[in-house]
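Quick notes on the structure that follows.
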Amino acid sequence: MSTAVRDPAALPRLGWTLAALVLLWPLLQLAEFKPAALFEAGNLKAMGHFVAGFLPPETAPDFLALLGKATVETLAMATAGIALAVLLAVPLGLILTRSLSIARLGPGRGGWLGTLIRALARGVLAVLRGVPELVWALLFVRVFGLGAAAGVLALGITYGGMLGKVYGEILESSDARPVRTLLEAGSGRLAALCYGLLPNAARELVSYTVYRWECAVRASVVMGFVGAGGLGQLMDQSMKMLNGGEAASILATFLVLVLAADALSELLRRRLA
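See the structure below:
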């Protein structure tokens, strides 16, 4: 005779689910989220006319040359932005890594200083990542004018804050025993990092950096709408001129670019695994 097995966590899960729904409903009302409006007859007709304007895509040689240049500019912006972000993130992430602190090995007078420096680094990272890259791009467009330079700096600052925080967390969560052994044996911090932390954390660090490069490719397109160059700026110009064919070609290029970035990221993760 079989007896039914009851899940002891079923009732708490049900309670938390109902509580989440109760909290979510007023938030949806405040956001005026009404998906049914998409299927109203007038809205469907308007969307149909809008989508029809995208066909056929623009394939004129002059436009394709301009599209190719904008695509290269978008990739260059994303890659240069991530390179700048890594330059910012590495020293700040290392400062957050308490396992590299020699003061933790025993009593000393420098412990409070390390705590203060880590707090300052944590505050800097919070400021860097707390301001969206789009806001930074708007600011730098005012300073440098239209072009990719504003996008590179915006990505470098915001993603530098994100990478620095995650780098510090990855290194801090790694096994600290090899580092402690090296430091106790008289090794310097750099050697302890290279031989104690990086062998265990390198795969995760590279994987997250590649993921952020994917995000930077997408963000580069969005920042183009505020004048940071690349595909976004070209898309903005085409939409303002009501040229649906050009917009369709840009969208197709952007989708191919995102798929290629995803494929490259997956390939690198498999190689690292």
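Numbering of the sequence shown is given in the working numbering, commencing with residue 1209 and proceeding in unit increments. Beta carbons: idealized from backbone N, C-alpha and C, even for Gly.
Which residue comes first and which comes last in the alpha helix (DSSP H) that contains residue i?
i, result
"K1277", "1269-1304"
"S1446", "1438-1448"
"V1349", "1341-1352"
"L1398", "1397-1400"
Per DSSP, what kind of secondary structure is residue i in: helix, strand or coil?
i, result
"A1460", "helix"
"D1383", "coil"
"N1251", "helix"
"A1217", "coil"
"S1415", "helix"
"F1263", "Correcting the residue type first, residue 1263 is Leu in the shown sequence and not Phe. DSSP places L1263 in coil when its eight states are reduced to three."
"K1242", "coil"
"R1317", "Low per-residue confidence applies at R1317: pLDDT is 49, beneath 50, and the placement is therefore not dependable enough to give any value."
"A1393", "coil"
"G1435", "coil"
"G1359", "helix"
"N1408", "helix"
Please confirm whether residue i and residue j have their CB atoms less than 9 Å apart.
i, j, result
"L1413", "S1428", "no"
"G1261", "A1329", "no"
"A1362", "M1431", "yes"
"G1369", "V1294", "no"
"V1374", "Y1416", "yes"
"L1465", "V1434", "no"
"L1292", "V1360", "yes"
"R1337", "R1306", "no"
"L1300", "G1376", "yes"
"A1436", "S1446", "no"
"A1273", "G1364", "no"
"L1246", "L1238", "no"
"A1227", "Q1441", "no"
Mind checking residue i: buried by the 16 CB within 10 Å criterion, or exposed?
i, result
"L1263", "exposed"
"I1303", "buried"
"I1458", "buried"
"G1276", "exposed"
"Y1487", "Residue 1487 is absent from the structure shown; the chain starts at 1209 and stops at 1481."
"G1331", "exposed"
"L1398", "exposed"
"R1317", "Low per-residue confidence applies at R1317: pLDDT is 49, beneath 50, and the placement is therefore not dependable, though the value from the model is reported in the following sentence. Under this definition R1317 is an exposed residue."
"E1248", "exposed"
"F1462", "buried"
"T1366", "buried"
"G1223", "exposed"
"L1171", "Past the edges of the chain, shown from 1209 to 1481, lies residue 1171, and the structure says nothing about it."
"A1410", "exposed"
"F1348", "buried"
"M1209", "Because the pLDDT of M1209 is 48, which lies under 50, any placement of that residue in the model is unreliable, and the number read from its coordinates should be weighed accordingly. Looking at its Cβ environment, which holds fewer than 16 other Cβ atoms inside 10 Å, M1209 is exposed."
"L1231", "exposed"
"A1297", "buried"
"A1400", "buried"
"L1391", "buried"
"L1219", "exposed"
"L1321", "exposed"
Does the beta carbon of residue i come closer than 9 Å to any beta carbon on chain C?
i, result
"P1340", "The structure shown has no chain C; it contains just one protein chain."
Sufficient close CB pairs (3 or more, under 8 Å) joining the region 1278-1285 to the region 1351-1363: The region 1278-1285, when compared against the region 1351-1363, does touch it at the 8 Å Cβ threshold.
Cβ contact check for the region 1265-1281 and the region 1336-1348: 3 or more pairs under 8 Å: no
Stretch pair the region 1366-1386 + the region 1448-1457: three plus CB contacts closer than 8 Å: Taking a contact to require three or more Cβ pairs closer than 8 Å, the region 1366-1386 and the region 1448-1457 do not qualify as touching.
Validate contact between the region 1462-1478 and the region 1417-1431 using beta carbons, cut 8 Å, 3 pairs: yes
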